[in-house]
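K.L.:
Below are the structure tokens for one structure; questions will follow.
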Amino acid sequence: QQEQAAQSQSEADADAASGSVVAAQGPAPEKEPVALSDEAVLTRALARADFAYPQVRRGDVVIAHTGYSLRYDEAHEQARWVAYRLTAARLKKPVKRTDDFAPDPRVPTGSATPGDYARSGYDRGHLVPSKDRSDTEENNDATFLMTNVIPQSAACNRGAWEKFERYCRDLAFDGKEVYLAAGPHAAGGVAADGTRKLTIGRNAPFVTVPAAVWKVALVVDRGANPTKSTRTIAVWMPNDDTVKEDDWASY
């Protein structure tokens with residue numbers, strides 16, 4: 002029981018590292034709230050250059066949610082990227098998915114809302130999949146915040162993109178630690194009716210419809226740091242109806 006408790010605490014510390022931009026490569030401190038646009042936090046993140054995160058520039062808006070972090074892009078009403086760590090421990094006790102999409106209260110200017118997606122022709126596509134944070138209700142609920150959502154074509158969201166998400170979970174079940182980053186790119190995705198839209202939403206500021214979506218997975222042996230030979234997988238998929246159902250590797 003002591004060994005199990007120690008392992009659980011180790012997992013919690015490591016996940017805190019993937020929920021805060023201040024994480025270093027070693028054991029993380031206790032998770033603490035991170036203030037929006039906190040200059041001190043960004044300075045520490047810039048200095049440490051943690052491998053778990055995409056590039057952070059001074060002045061970026063970085064939000065640390067339970068179980069993942071994101072860089073928010075106010076101009077597009079969505080995340081520029083999300084980053085998190087995936088292990089088998091976060092998948093073994095699945096909680097019931099609520100589908101309770103909600104505005105992100107951490108964005109003082111106001112994030113996108115579920116209403117922005119109504120009758121838009123796009124799925125509310127997760128960047129951090131609900132299933133990747135299915136160990137607790139708190140972690141799962143955080144994946145339904147609108148800053149973790151992008152307008153995504155059904156073919157992409159439910160096809161090869163979802164198959165790649167599933168493949169990453171299989172790697173975690175096999176004992177790997179998978180460090181993931183994902184985000185949108187450019188503007189102009191294709192809706193269900195075949196039209197290409199740049200934005201959606203009822204009122205300004207509008208939500209940008211990305212032209213493509215990307216995800217990078219760093220596959221690390223449990224407890225190890227990456228090296229030059231560490232396996233890295235990157236996918237780049239168009240946000241339209243041409244995405245193949247199963248063949249994520251072709252992207």
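All residue numbers for the sequence shown refer to my numbering, where the first residue is 2 and numbers rise by one.
We treat Cβ as the ideally placed atom computed from N, Cα and C, and that holds for glycine.
(1) Which residues in the same chain have their Cβ closer than 6 Å to the Cβ of A183, if we skip the five residues on either side of it in sequence?
(2) Under three-state DSSP, which class holds K132?
(3) Kindly give me the distance between the Cβ atoms of P130 and V208, rounded to whole angstroms, as I take these residues to be in contact under 8 Å.
(4) What does a CB cutoff of less than 7 Å around D248 pick up in its chain, not counting 5 residues either side in sequence?
(5) Using only the alpha-carbon positions, how far apart do A193 and T228 sit?
(6) Which residues does DSSP pair with Y73 in a beta bridge?
(7) Go ahead and pull the three-state DSSP assignment for L199.
(8) Could you give the residue range of the alpha helix (DSSP H) that holds R1?
(9) Per DSSP, what kind of secondary structure is T233 in: helix, strand or coil?
(10) Would you mind sorting L199 into buried or exposed? The rule is 16 or more other CB atoms within 10 Å of its CB.
(11) Could you spell out the range, first to last residue, of the alpha helix (DSSP H) harbouring E178?
(12) DSSP three-state label for G116, please.
(13) In chain order, what residues of the same chain have a beta carbon less than 7 Å from the beta carbon of M188, not counting five sequence neighbours either side?
(14) Give a yes or no on whether the C-beta atoms belonging to V108 and T144 are separated by under 8 Å.
(15) Just list the residues that DSSP pairs G126 with in beta bridges.
(16) Alpha carbons only, please: which of D241, D242, I234, I201 is nearest the one belonging to G116?
(17) Rounding to the nearest angstrom, what Cα-Cα distance links A225 and L87 in this structure?
(18) Taking the alpha carbon of P239 as the point to measure from, which residue in R98, Y69, C157 has its own alpha carbon closest?
P.N.:
To lay it out plainly:
(1) V83, L128, K216
(2) helix
(3) Separation of the CB atoms of P130 and V208 is rounded to 20 Å, and the pair is thereby denied contact status at 8 Å.
(4) A161
(5) 42 Å
(6) For Y73, the beta-bridge partners assigned by DSSP are V62, A80.
(7) Coil.
(8) Residue 1 cannot be examined here, being either before or after the span of the chain that is shown, 2 to 252.
(9) Three-state result, T233: strand.
(10) exposed
(11) Not the alpha helix (DSSP H): E178 falls in the beta strand (DSSP E), residues 177-186.
(12) Judged by DSSP in its simplified three-state form, G116 adopts helix.
(13) It should be noted that the sequence gives Ala, not Met, for residue 188. Around A188: L199, T209, V210, P211, A212.
(14) no
(15) Bridge partners of G126: I151.
(16) I201
(17) 14 Å
(18) C157
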